[in-house]
Amino acid sequence: MIFYGTKASNLLNGQLINVDCPECKTNTSMTYSVFGKYAYIYWIPIFPMSKVTVAECNHCKKTYEYKDLSEQIKTKLDREKEKSGLKTPIWMFSGLFVIAALVAIAFYVSGQTKDKEQTYIKNPKAGDVYSIKADDGNFTTMRVDKVTKDSIYFTYNDYLTDQSTGISKIDVDKNYTIEKDVTTQKNLQELYKKETIYSIDRE
Ligand SMILES: [Zn+2]
-9 MIFYGTKASN LLNGQLINVD CPECKTNTSM TYSVFGKYAY IYWIPIFPMS
41 KVTVAECNHC KKTYEYKDLS EQIKTKLDRE KEKSGLKTPI WMFSGLFVIA
91 ALVAIAFYVS GQTKDKEQTY IKNPKAGDVY SIKADDGNFT TMRVDKVTKD
141 SIYFTYNDYL TDQSTGISKI DVDKNYTIEK DVTTQKNLQE LYKKETIYSI
191 DRE
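With the working numbering, the residue at position 203 of the sequence shown is 193, and numbering never jumps.
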């Protein structure tokens, strides 16, 4: 399946009158078309590429690419294109707008998540799961068991993972068994500030 590539869209058509065809040597008219090439991914245009101009002799029907036309015809054609105010259509940038929108949404969502985590770290609750980056580069979690006025009781995950994406696999009930510990609110906040605790999940 081809899901990316380039396509061409017809942007402009017109007639050039009173030109000499290099092929049939007739003083005649030509029909020209301008195509805008653009890159697409799936069905979404991402960005415009070069424009392609072709012309056809109305007498002998020979088709020319722009580069094969005589200087006289090129000049006429350039003037025509300029007069038409030919512009790259904005829809050819659709994909860039989509990408920009997605980036904006991602920023917004991650901002929301950070706000939420700030609240969570200040008010720990039993069941909160903290994702931790260990000094040795591994990742693990700790889960809050109980919160009292000045202490937070928790259990470490029995497992480590060498990739942060592995967290979801080890964060299961049966992995919180042996290693229990207690800490203070202040200490937790420091760990969060240092990004040792880099993410907080609350059911
Ligand atoms: Zn011709």
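The beta carbon of each residue, even a glycine, is placed where N, CA and C say it ideally should be.
**Prompt:** By DSSP, does Thr174 sit in helix, in strand, or in coil?
**Reply:** Here residue 174 is taken as the residue at index 184 of the sequence shown, counted from 1. Thr174 falls in the coil class under three-state DSSP.
**Item:** Residues near Thr43 by beta carbon distance below 6 Å, same chain, minus five either side
**Value:** Here residue 43 is taken as the residue at index 53 of the sequence shown, counted from 1. Closer than 6 Å at Cβ, skipping near neighbours: Val24 and Tyr56.
**Request:** Please classify Leu1: does DSSP put it in a helix, a strand, or coil?
**Result:** Reading the sequence shown from its first residue, position 11 is the one you call residue 1. Here DSSP, grouped into helix, strand and coil, assigns Leu1 to strand.
**Prompt:** Under a criterion of Cβ closer than 7 Å to any non-hydrogen atom of ligand 1, which residues qualify, in chain order?
**Reply:** Cys11, Glu13, Cys14, Thr16, Thr18, Cys47, His49, Cys50 and Lys52
**Asked** Would a C-beta distance cut-off of 8 Å place Arg133 and Tyr166 closer than the cut-off?
**Response** In the sequence shown, counting from the first residue as 1, residue 133 sits at position 143. In the sequence shown, counting from the first residue as 1, residue 166 sits at position 176. Against a cut-off of 8 Å, the Cβ pair of Tyr166 and Arg133 comes out as a contact.
**Asked** Identify the residues that DSSP records as bridge partners of Ala94: which are they?
**Response** For the purposes of this step, residue 94 is identified with residue 104 of the sequence shown, where counting begins at 1. Beta bridge pairing from DSSP links Ala94 with no other residue.
**Message:** Let's test the definition: count the other Cβ atoms within 10 Å of the Cβ of Thr131 and tell me whether it reaches 16, buried, or not, exposed.
**Reply:** For the purposes of this step, residue 131 is taken as the residue at position 141 of the sequence shown. Per the 10 Å Cβ criterion, buried.
**Asked** Just to confirm, are Glu46 and Thr53 a CB contact at a threshold of 8 Å?
**Response** Sequence index remark: in the sequence shown, residue 46 carries index 56 (1-based). Sequence index remark: in the sequence shown, residue 53 carries index 63 (1-based). Taking the C-beta atoms as reference points, Thr53 is found nearer than 8 Å to Glu46.
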